[in-house]
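S.K.:
Chains as they are written, first to last, in my numbering: chain D, 1 to 163; chain V, 1001 to 1163.
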């Protein structure tokens, strides 16, 4: 088993959230919030044709996380769960994953909305979000079933229309 | 900017694909293919309650990738695109992302289907897949618009039912 894997940020994500206290505790709280991704100029060529996609996955490093916990009590619940059954940042490998809407590009800068990361977050990767690959109908969403009324409908609906 | 980020695999993904030539070139080719995730025992506690979720994101390291390319011609197209506008593994940080269906758990082993990774792939993270957070209606899917008829419908439909 490979023991150490070394990555380097491909850029930085800028957002309105300067401190952890500013952060939305649910993705819905990030709706409409604007951010800016600045990709390192040496990777600009990798962005060719990205402006054709309305939504992108961003993978990033939770750089402010200084601890790992295997059991956590998420914001959305009062009970603790294994960290891999949550999106909490205190993970063994603190990699974050979000879907953002791409609203514009100038060279190595991407304007995004629905950003839910801290200002200054190191960006690891960008991938196109493609419903054919990325949309699944779930049978169960575990502890979130009770915790979030909004999760009652397991399928995409118009709440995300235009977002 | 943080310059080096070091992660360690939390486990290994086993799949029917022993060589790159065996791999499906489209996610649809992975449908129903069974795999097994073996999480390192020291992280077992992090899996508590994960069996409540039918679908999981897995993040992994493309361990067989030895090069980085900023422009690639994907399997699904005859034209080249920036690597961040594709899912090609030859990325600056070779992190893979898939959604799999969880069919069972025994301690630190997770049985999964719809696996599309090479046997022996180092696992970086597991997150619950939650439609409320993860399903978006796209306006555009870039070069994939022309390349894949199946992408014509941008929304979830019954094709994934039961998968």
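Where a beta carbon is used, it is the ideal one built from N, C-alpha and C, also for glycine.
Mind listing, in chain order, the continuous beta strand (DSSP E) runs of no fewer than 3 residues lying wholly within the segment 2-46 of chain D?
M.R.: Counting only runs of 3 or more, we get 5-7, 11-14, 34-39.
S.K.: For the beta strand (DSSP E) that contains residue 109 of chain D, what are its first and last residues?
M.R.: Here the beta strand (DSSP E) through residue 109 of chain D covers 109-113.
S.K.: Which word fits residue 75 of chain D, buried or exposed, when buried means at least 16 other C-beta atoms lie within 10 angstroms of its C-beta?
M.R.: Its Cβ having fewer than 16 others within 10 Å, residue 75 of chain D is exposed.
S.K.: Could you check the C-alpha separation between residue 1085 of chain V and residue 1111 of chain V for me, to the nearest Å?
M.R.: Straight-line Cα distance between these residues: approximately 31 Å.
S.K.: The beta strand (DSSP E) with residue 1128 of chain V in it runs from where to where?
M.R.: 1121-1128 is the span of the beta strand (DSSP E), which, as asked, contains residue 1128 of chain V.
S.K.: For residue 119 of chain D, decide whether its Cβ has a neighbour in chain V, counting only Cβ atoms nearer than 9 Å.
M.R.: Judged by the 9 Å Cβ criterion, residue 119 of chain D is not in contact with chain V.
S.K.: Which full runs of the alpha helix (DSSP H) of 4+ residues lie inside the segment 1065-1115 of chain V, going along the chain?
M.R.: Within the segment 1065-1115 of chain V, no complete alpha helix (DSSP H) run reaches 4 residues.
S.K.: When you compare each of D:140, D:137, D:120, D:114 to residue 54 of chain D by their alpha carbons, which one comes out closest?
M.R.: Of the listed residues, the one whose Cα sits closest to residue 54 of chain D is D:114.
S.K.: Determine the contact status of residue 1014 of chain V and residue 1119 of chain V, defining contact as a CB-CB distance below 9 Å.
M.R.: Result yes, Cβ atoms of residue 1014 of chain V and residue 1119 of chain V sit closer than 9 Å.
S.K.: Is it buried or exposed, residue 138 of chain D, if we count other Cβ atoms within 10 angstroms and call 16 or more buried?
M.R.: Under this definition residue 138 of chain D is a buried residue.
S.K.: Distance check for residue 17 of chain D and residue 11 of chain D, CA to CA, integer angstroms please.
M.R.: C-alpha separation (whole angstroms): 17 Å.
S.K.: Which same chain residues, not among the five before or five after residue 1025 of chain V, have their C-beta less than 6 Å away from its C-beta?
M.R.: So the list reads 1075, once near-sequence residues are dropped.
S.K.: Counting along the chain, where does the beta strand (DSSP E) carrying residue 1056 of chain V start and finish?
M.R.: Counting along the chain, the beta strand (DSSP E) containing residue 1056 of chain V begins and ends at 1055-1061.
S.K.: At a Cβ cut of 9 Å, what residues of the segment 73-94 of chain D count as close to chain V, listed as they run along the chain?
M.R.: Flagged, chain order: 79, 80, 81, 82, 83, 84, 85, 86, 87, 91, 92, 93, 94.
S.K.: Ignore the nearest five residues each way along the sequence and tell me which others in residue 1059 of chain V's own chain have a CB closer than 8 Å to its CB.
M.R.: Cβ neighbours of residue 1059 of chain V beyond the five flanking positions: 1095, 1096, 1097, 1123, 1124, 1125, 1126, 1127.
S.K.: Assuming contact is defined by CB atoms lying nearer than 9 Å, are residue 72 of chain D and residue 78 of chain D in contact in what I supplied?
M.R.: Contact: no.
S.K.: Comparing C-alpha positions only, which one of V:1004, V:1023, V:1068, V:1050 sits nearest to residue 140 of chain D?
M.R.: Of the candidates V:1004, V:1023, V:1068, V:1050, the one whose C-alpha sits nearest the C-alpha of residue 140 of chain D is V:1050.
S.K.: Pull out every residue of the segment 1129-1147 of chain V whose Cβ sits closer than 9 Å to any Cβ of chain D, in chain order.
M.R.: For the segment 1129-1147 of chain V, which is checked against every Cβ of chain D, the residues closer than 9 Å are 1129, 1130, 1131, 1132, 1133, 1134, 1135, 1136, 1137, 1138, 1139, 1140, 1141, 1142, 1143, 1144, 1145.
S.K.: Output, in chain order, the set of chain D residues within a Cβ distance shorter than 8 Å of residue 1052 of chain V.
M.R.: Result: 85, 140, 141, 142, 143, 145.
S.K.: Would you say residue 59 of chain D faces chain V, with C-beta separation under 9 Å as the test?
M.R.: So, interface residue.
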